[in-house]
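Notes follow once the structure below has been shown.
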Amino acid sequence: MSRWKLGRELAVALLLVLVSWHPTAAQQCDLHGAVETLYAADRLPISAEVQVQGWAVEPQAPSGTGVSEVRLSLDVPPDQSSRVEAAAYGVETPAIAELYGSIRFARAGFLLVWDTSGITPGSHRLYIEARTTCGWTRLQARPVTFQAGAPDPSLPEDLRQLPATQQALDRGRARDWTGLRDAATEVLQHLPTSAWGYFMRGIAGEELRDYQGAIQDYDEALRLDPDHASAYAGRGFARHSLGDTEGARADYERAAALYQQQGNRAGYQRIQTALDLLP
Numbered sequence: 015m016s017r018w019k020l021g022r023e024l025a026v027a028l029l030l031v032l033v034s035w036h037p038t039a040a041q042q043c044d045l046h047g048a049v050e051t052l053y054a055a056d057r058l059p060i061s062a063e064v065q066v067q068g069w070a071v072e073p074q075a076p077s078g079t080g081v082s083e084v085r086l087s088l089d090v091p092p093d094q095s096s097r098v099e100a101a102a103y104g105v106e107t108p109a110i111a112e113l114y115g116s117i118r119f120a121r122a123g124f125l126l127v128w129d130t131s132g133i134t135p136g137s138h139r140l141y142i143e144a145r146t147t148c149g150w151t152r153l154q155a156r157p158v159t160f161q162a163g164a165p166d167p168s169l170p171e172d173l174r175q176l177p178a179t180q181q182a183l184d185r186g187r188a189r190d191w192t193g194l195r196d197a198a199t200e201v202l203q204h205l206p207t208s209a210w211g212y213f214m215r216g217i218a219g220e221e222l223r224d225y226q227g228a229i230q231d232y233d234e235a236l237r238l239d240p241d242h243a244s245a246y247a248g249r250g251f252a253r254h255s256l257g258d259t260e261g262a263r264a265d266y267e268r269a270a271a272l273y274q275q276q277g278n279r280a281g282y283q284r285i286q287t288a289l290d291l292l293p
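Pasting the structure below:
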């Protein structure tokens, strides 16, 4: 993500889906965006403060980001729901401006601090829409599971028992990248062979624009876990940011192949979009 936090799916600790909306002949909008949240893939906690964040742009819009609002609903589309959550739109996204080559995309982020305490545990469907020049346009509709309890069951036991792990997740949710880097470093002090720790620190490096440091952390994550698709994706972004287009392409292609093997359709589509955006 960089550039939409590319590579931040965390495999076991991050939900990130990129969906491109392809317009009909009568509609000329093309919505690009990502939904990002530092929780286990497809699972959200039941809590008073659940952060759902991401970005959305309409690249062909004549001015601005092409998006004015973002809204969410559960189980039915927002226009059919009695409970629609409005996300704050206009969060700073310098990486998206860099990705699309224009400062007008520098505030394309959205953030919702969502009180999910009244939601029934179990399976639901999450809808996210953005208002473009064509009206409300769906960015995403996907199944999610709401679960009670703080620990993330998808993380290995040694990570779940370490306080620094939760600190890293909390700092990431708060977009405190220095705090995330420090917490991930503490994880690695206790678990020096944790690919997750290196991957999380790589994310922080990207956000802090320490691309060389991010590459080193992704290298180590991949040494420890050669099938870590998101680490390839993240390293690809860092390489792209440093002008290494061919290195980025190689990493993106490897990430795409792994996502496909792992049945991660969203990750595969996201990387295909990243490849399309390479010069």
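According to this note's numbering, the stretch in the sequence shown is residues 15 to 293, in order.
All residues carry an ideal CB built from backbone N, CA and C; glycine is no exception.
Segment limits, alpha helix (DSSP H) that includes residue i
i, result
"A100", "Counting along the chain, A100 falls outside any alpha helix (DSSP H), though it belongs to the beta strand (DSSP E) covering E99 to V105."
"G248", "A243 to S255"
"I229", "Y225 to L238"
"G193", "W191 to H204"
"L292", "Run containing L292: none; DSSP gives neither H nor E here."
"G80", "It is not in any alpha helix (DSSP H) - G80 carries neither H nor E in the DSSP assignment."
"P177", "P177 to R187"
"G123", "Segment G123 to W128 is the beta strand (DSSP E) holding G123; no alpha helix (DSSP H) there."
"R118", "Counting along the chain, R118 falls outside any alpha helix (DSSP H), and DSSP gives it neither H nor E."
"G261", "T259 to Q275"
Cβ neighbours of residue i in the same chain (closer than 6 Å, five flanking residues each side left out)
i, result
"Y212", "D231, E234 and A235"
"R268", "Y246"
"A111", "I117, F119 and A120"
Environment of residue i [buried if 16+ CB atoms lie within 10 Å]
i, result
"V90", "exposed"
"R237", "exposed"
"G186", "buried"
"S244", "buried"
"A155", "exposed"
"G115", "exposed"
"R97", "exposed"
"L292", "exposed"
"A162", "exposed"
"G123", "buried"
"G68", "buried"
"A109", "buried"
"A209", "buried"
Own chain, CB closer than 8 Å to residue i, minus 5 neighbours either side, in chain order
i, result
"H138", "L88, D89, P157, V158, T159 and F160"
"E63", "V127, W128 and D129"
"H204", "L176 and A178"
"P37", "Note that P37 scores a pLDDT of 39, beneath 50, so its modelled location is shaky and nothing firm can be said."
"L289", "R263, Y266, E267 and A270"
Spatial neighbours of residue i in its chain, beta-carbon cut-off 7 Å, leaving aside the 5 residues before and after
i, result
"A182", "L194, A197, A198, V201 and M214"
"Q286", "A270"
"T207", "L238"
"S61", "T130 and S131"
Extent of the continuous beta strand (DSSP E) to which residue i belongs
i, result
"T151", "G149 to Q161"
"G219", "Counting along the chain, G219 falls outside any beta strand (DSSP E), though it belongs to the alpha helix (DSSP H) covering A209 to E221."
"E143", "G136 to T146"
"A70", "V64 to V71"
"R174", "Looking at the DSSP string, R174 is not in any beta strand (DSSP E); the run it does join, the alpha helix (DSSP H), is E171 to R174."
"P108", "Here P108 belongs to no beta strand (DSSP E); instead the alpha helix (DSSP H) covers P108 to Y114."
"L58", "R57 to P59"
Integer Cβ distance of residue i from residue j, believed to fall under 8 Å
i, j, result
"H46", "V66", "Contact flag wrong, Cβ pair sits at about 18 Å."
"A101", "L125", "6 Å"
"E99", "L86", "4 Å"
"R253", "I229", "7 Å"
"Y282", "L256", "The pair is not a contact, with the Cβ atoms about 25 Å apart (cut-off 8 Å)."
"R249", "D265", "5 Å"
"F142", "V49", "The question names Phe, but residue 142 is Ile in the sequence shown. Correct: roughly 6 Å between the Cβ atoms."
"L222", "T192", "7 Å"
Contact test: residue i Cβ vs the ligand ADP heavy atom, cutoff 7 Å
i, result
"D89", "The ligand content of the structure shown is nil, which means the ligand ADP is not present either."
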